[in-house]
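Student: Please see the structure below; I have some questions.
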Amino acid sequence: MTEPAIRARNLTRRFGEVVAVDAIDLEIPAGRIYGFLGPNGCGKTTTIRMLCGLLTPSSGDAAVLGLQLPGQAEKLRHRIGYMTQKFSLYEDLSVEENMRFISRVYGLGAATADRRIDQLLERYSLGNLRGRRAAQMSGGQRQRLALATATLHEPDLLFLDEPTSAVDPENRRDFWEKLFDLVDAGTTILVSTHYMDEAERCHELAILETGHLRRQGSPAGLMAELEDRVIEVHGDGLREVKEQAMTLPEVRSAAQQGLHLRILLNERLEDPLSYLQTRLRGEGLTLQMARASLEDVFVASTRGGDKP
Amino acid sequence: MNALNRIRAIAHKEILQLSRDRITFGMVVMLPLIYLLLFGYAINTMVRHVPIGIVDLSGSMAVRAITEQVRVTQVVDVVASYATPAEAEAALVAGDIRAALVFPHDLTQRIAGGESVAQWLVDGSDTMVGNALLALRDMPLQLDAGEPRGAYRQSEPSFEMALFFNAERRSAVNTVPGLAAITLTMTMILFTSIALVRERERGNLELLITTPIHPLELMIGKLLPYVLAGLLQLGIILGLGGYMFDAPFRGQMSGLVIITTAFILANLTLGLLISTFATTQMQAMQMTMFVLIPSILLSGFMFPYDAMPAPAQYIAEALPATHFMRLVRGVYLRGAETGQLFGDILWLLGFTAVMLTIATRRFNKTLD
């Protein structure tokens with residue numbers, strides 16, 4: 606990897622008294638899908654907006670595609686694409702009219718625009734919807750249109766703000782396939798999400814909570830860090846077992862998942878199984894070690910998972 | 142130029158949207174028509190059945206004949222008679238009658254001498270009523286059989302007039318060009334304020350701000366199509382209104398287009414400013430009303446500017462409609478040259494520049 610696509614130092618944004626983003630350091634490599642995982646209000650959108658040059662940081666700075674922020678936001682606009690959380694194209698315009706409008710906004714010549722529009726309509730299977738108004742399209746179709754429009758000017762860096770919140774799982778899958786195609790072509794993608802399965806597809810992740818960067822790394826690496834800290838409990842009366850578990854100092858969280866209880870420990874213990882076995886009382890409980898999921902990572906790295 | 146291309150892209154998009162938004166498009170055309178009919182009908186109707194009183198100091202037989210002739214004009218209804226002019230005046234103040242017809246002691250001599258036969262005491266506080274009665278001043282009277290005293294041979298007015306409460310007479314013929322001012326105030330402010338708020342409500346703005354579009358380009362691009370819509374409205378009002386209500390166009394077309402464009406721009410930019418305050422289309426509409434009502438009342442459309450008290454005049458001076466009202470009456474009715482009205486044009490252009498600057502500034506702020 607050469608120069609990172611995004612490098613941020615001490616990036617901070619305050620809205621009055623509230624600190625929306627608190628001293629975040631980032632280094633996002635080019636040609637990767639980088640995910641921001643966090644609950645609503647964790648500062649994902651604010652961070653993305655600062656990295657687009659839409660918001661001026663209260664302190665700290667960033668270099669995006671080698672351009673300094675704050676300062677060179679105008680230049681940056683031509684090289685980034687942005688897909689908003691909510692569908693933000695014009696519902697009363699057709700697919701083609703929307704694309705043509707955006708192509709003019711980015712100053713694409715007529716010939717280039719024609720070529721790109723044909724190409725993207727084909728790639729995102731929108732060819733037969735060319736004259737359809739956006740208002741009459743399904744969630745998945747709108748999302749493909751939004752992606753097609755965001756990539757019309759072939760940006761080097763693509764920001765996707767919770768891109769799949771309005772689409773079904775199958776469309777989500779297809780959508781991610783398209784994202785990997787873009788990455789193969791050299792685009793860097795920054796995606797924010799609160800879906801674990803979506804976060805797991807990213808090359809790298811940053812876990813955000815209340816404006817703080819809690820954790821950073823590849824999904825696999827982050828999960829590996831939690832080895833030997835996740836235990837599944839099978840048996841009856843799991844609600845009571847959960848109550849018991851939550852009183853133990855070493856237990857970080859306990860959550861029921863279908864027929865079993867999933868317990869996350871605070872620290873790696875010598876023998877976690879016997880630690881719990883000796884302390885949990887219940888009829889016919891069986892305990893076994895489990896592979897950490899991204900949700901465990903999320904719970905382990907955020908304070909939201911703290912016991913009251 | 143990239144900026145020009147972007148402005149063109151926005152203007153083009155705006156026209157596409159406008160052509161699909163049937164309600165807005167309908168408003169562009171229908172609103173002037175409806176206003177024209179409403180306001181036009183109200184001013185065009187002859188004033189009828191104004192309640193008056195009779196004061197007969199002469200005891201002459203002629204009183205009956207003259208009163209009857211006045212009554213058959215249908216302009217007035219004789220509802221009372223008083224013994225003295227003082228009583229009639231009191232009734233006038235109390236609002237029981239709008240005018241009194243006073244026949245003097247020497248009525249018979251006056252008829253013989255060809256002088257004015259009687260005096261009208263008119264409540265001038267309602268200009269419409271006042272003007273209708275003033276029109277009776279020169280009505281021809283048939284005073285004795287066989288010798289018609291038609292208008293063609295009359296040297297003296299039939300009546301003497303005394304106008305109460307509002308000594309200066311202002312003509313109310315200006316309604317058609319005035320309507321242009323009101324319609325444009327209403328629609329131009331409303332359309333732009335809504336157009337931008339709608340983009341925010343629907344989330345379009347969130348996307349636009351990530352593109353290379355500069356706020357100023359966005360604003361200008363959005364305004365341009367509405368300038369055309371405004372000129373179309375002007376055409377409807379002055380064309381149809383001039384024809385329907387016989388308000389002749391005396392000025393130069395180029396002057397008319399110049400002043401109207403300046404006025405449209407002033408309103409559009411005011412609409413833009415409103416849109417930076419309003420968060421919903423409903424709020425934008427309410428704020429538009431906030432400007433519209435004073436524009437109707439204070440601009441000189443309803444009440445003469447000169448008759449307003451100073452504080453009202455100060456407020457009126459801050460409204461684009463007031464300046465346009467002066468301009469359009471000047472150009473349309475008096476045939477004034479644009480150069481003679483330079484001050485008001487300059488004011489409108491200055492207003493536009495100020496509004497656009499503040500709106501662009503505020504628009505920037507909303508992102509940060």
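Protein chains in written order, with my numbering: chain A, 606 to 913; chain B, 142 to 509.
For every residue, glycine included, the Cβ atom is placed at its ideal position computed from N, Cα and C.
Since the structure is predicted, the reported quantities are computational estimates derived from the model, not experimental observations.
1. Would you check if the region 412-426 of chain B and the region 369-382 of chain B touch, i.e. whether three or more CB-CB distances between them fall below 8 Å?
2. Could you run through the region 317-337 of chain B and flag, in chain order, every residue whose CB is less than 8 Å away from some CB of chain A?
3. Please list the terminal residues of the continuous beta strand (DSSP E) segment that includes E256 (chain B).
4. I400 (chain B) and V472 (chain B): beta carbons closer than 8 Å?
5. Over the uninterrupted beta strand (DSSP E) stretch that includes F244 (chain B), give me the two end residues.
6. R147 (chain B) and E358 (chain B) look like a contact to me (Cβ under 8 Å); what is the Cβ gap, rounded to whole Å?
7. From the DSSP output, in three-state form, read off V368 (chain B) for me.
8. Could you tell me whether the Cβ of A625 (chain A) comes closer than 8 Å to any Cβ of chain B?
9. What does G712 (chain A) touch in chain B if you count any residue whose Cβ is under 8 Å from its own?
10. What does the alpha-carbon distance come out to for the pair S395 (chain B) and M426 (chain B)?
11. Taking a contact to mean a Cβ-Cβ separation below 8 Å, would you say D630 (chain A) touches A610 (chain A) in this structure?
12. Would you identify the three-state DSSP class for M851 (chain A), choosing helix, strand or coil?
13. In whole angstroms, what separates the C-alpha of A336 (chain B) from that of G671 (chain A)?
14. Report the neighbours of Y639 (chain A) on chain B: residues whose CB is nearer than 8 Å to its CB, in chain order.
15. Use the C-beta contact count for L750 (chain A): other C-beta atoms within 10 angstroms, 16 or more gives buried, fewer gives exposed.
16. Which whole-angstrom value is the C-beta distance of Y367 (chain B) and T410 (chain B), which I expect to be below 8 Å?
17. Which whole-angstrom value is the C-beta distance of A407 (chain B) and L482 (chain B), which I expect to be below 8 Å?
18. Do Q690 (chain A) and S743 (chain A) have their CB atoms nearer than 8 Å?
19. Using a beta-carbon distance below 8 Å, is L157 (chain B) in contact with chain A?
20. Does the CB of R343 (chain B) have a neighbour CB from chain A at under 8 Å?
21. Say whether the region 694-714 of chain A touches the region 151-159 of chain B, bearing in mind that this needs 3 or more beta-carbon pairs closer than 8 Å, one atom from each stretch.
22. Closest Cβ-Cβ distance between D761 (chain A) and chain B: below 8 Å?
23. List, in order along the chain, the chain B residues whose C-beta lies closer than 8 Å to that of E696 (chain A)?
24. Strictly under 8 Å for the Cβ-Cβ distance: is E702 (chain A) near chain B by that measure?
25. Answer yes or no: does any C-beta atom of chain A fall closer than 8 Å to that of L348 (chain B)?
26. Look up M327 (chain B) in the DSSP assignment and give the residues it is bridged to.
27. At a CB distance below 8 Å, what residues from the region 648-671 of chain A approach chain B? Give them in sequence order.
Tutor: Considering the structure as presented:
1. no
2. none
3. For the purposes of this step, residue 256 (chain B) is identified with residue 115 of the second sequence, where counting begins at 1. Where E256 (chain B) is concerned, there is no enclosing beta strand (DSSP E), given that its DSSP letter is neither H nor E.
4. Counted from its first residue, the second sequence places residue 400 (chain B) at position 259. Counted from its first residue, the second sequence places residue 472 (chain B) at position 331. Yes, the Cβ-Cβ distance between I400 (chain B) and V472 (chain B) is below 8 Å.
5. Sequence index remark: in the second sequence, residue 244 (chain B) carries index 103 (1-based). For F244 (chain B), the enclosing beta strand (DSSP E) starts and ends at 240-244.
6. On the second sequence, residue 147 (chain B) is found 6 positions in, with the first residue counted as 1. On the second sequence, residue 358 (chain B) is found 217 positions in, with the first residue counted as 1. Contact holds; Cβ gap of about 5 Å.
7. Start at 1 with the first residue of the second sequence, and residue 368 (chain B) comes out as number 227. In the structure shown, V368 (chain B) sits in a helix (DSSP, three-state: H, G or I).
8. Here residue 625 (chain A) refers to the residue found at position 20 when the first sequence is read from its first residue. No, no contact with chain B.
9. Here residue 712 (chain A) refers to the residue found at position 107 when the first sequence is read from its first residue. Ordered by position in chain B, the residues that pass the 8 Å Cβ test against G712 (chain A) are N143, N146, R147, P353.
10. Taking the first residue of the second sequence as 1, we reach residue 395 (chain B) at position 254. Taking the first residue of the second sequence as 1, we reach residue 426 (chain B) at position 285. Each residue's Cα considered, the two are about 32 Å apart.
11. In the first sequence, the residue the question calls residue 630 (chain A) occupies position 25. In the first sequence, the residue the question calls residue 610 (chain A) occupies position 5. For D630 (chain A) and A610 (chain A), no; Cβs fall outside 8 Å.
12. Along the first sequence, read from residue 1 onward, the residue named residue 851 (chain A) stands at position 246. In the structure shown, M851 (chain A) sits in a helix (DSSP, three-state: H, G or I).
13. Here residue 336 (chain B) refers to the residue found at position 195 of the second sequence. Here residue 671 (chain A) refers to the residue found at position 66 of the first sequence. Each residue's alpha carbon lies about 37 Å from the other.
14. Locating residue 639 (chain A) in the first sequence gives position 34, counting from the first residue. Under the 8 Å cutoff, chain B gives no residues; its nearest Cβ is about 18 Å from Y639 (chain A).
15. In the first sequence, the residue the question calls residue 750 (chain A) occupies position 145. It counts as buried.
16. In the second sequence, residue 367 (chain B) corresponds to position 226, counting from 1. In the second sequence, residue 410 (chain B) corresponds to position 269, counting from 1. Contact between Y367 (chain B) and T410 (chain B) does not hold, since their C-beta atoms are separated by about 11 Å, which reaches or exceeds 8 Å.
17. Counting from 1 along the second sequence, the entry for residue 407 (chain B) is found at position 266. Counting from 1 along the second sequence, the entry for residue 482 (chain B) is found at position 341. About 15 Å separates the Cβ atoms of A407 (chain B) and L482 (chain B), ruling out a contact at the 8 Å cut-off.
18. Translated into the one-based positions of the first sequence, residue 690 (chain A) becomes position 85. Translated into the one-based positions of the first sequence, residue 743 (chain A) becomes position 138. Going by C-beta atoms, Q690 (chain A) is not nearer than 8 Å to S743 (chain A).
19. As a working note, residue 157 (chain B) is residue 16 in the second sequence. Closer than 8 Å: yes.
20. Start at 1 with the first residue of the second sequence, and residue 343 (chain B) comes out as number 202. It does; some Cβ of chain A falls within 8 Å.
21. yes
22. In the first sequence, the residue the question calls residue 761 (chain A) occupies position 156. Chain B contact via Cβ: absent.
23. For the purposes of this step, residue 696 (chain A) is taken as residue 91 along the first sequence, with counting starting at 1. Correct list: R343.
24. Mapped onto the first sequence, residue 702 (chain A) falls at position 97. Yes, its Cβ sits closer than 8 Å to a Cβ of chain B.
25. As a working mapping, residue 348 (chain B) is identified with position 207 in the second sequence. Yes, its Cβ sits closer than 8 Å to a Cβ of chain A.
26. The residue given as residue 327 (chain B) occupies position 186 in the second sequence. Beta-bridge pairing links M327 (chain B) to no other residue.
27. Listed by position along the chain: C657, L659, L660, T661.
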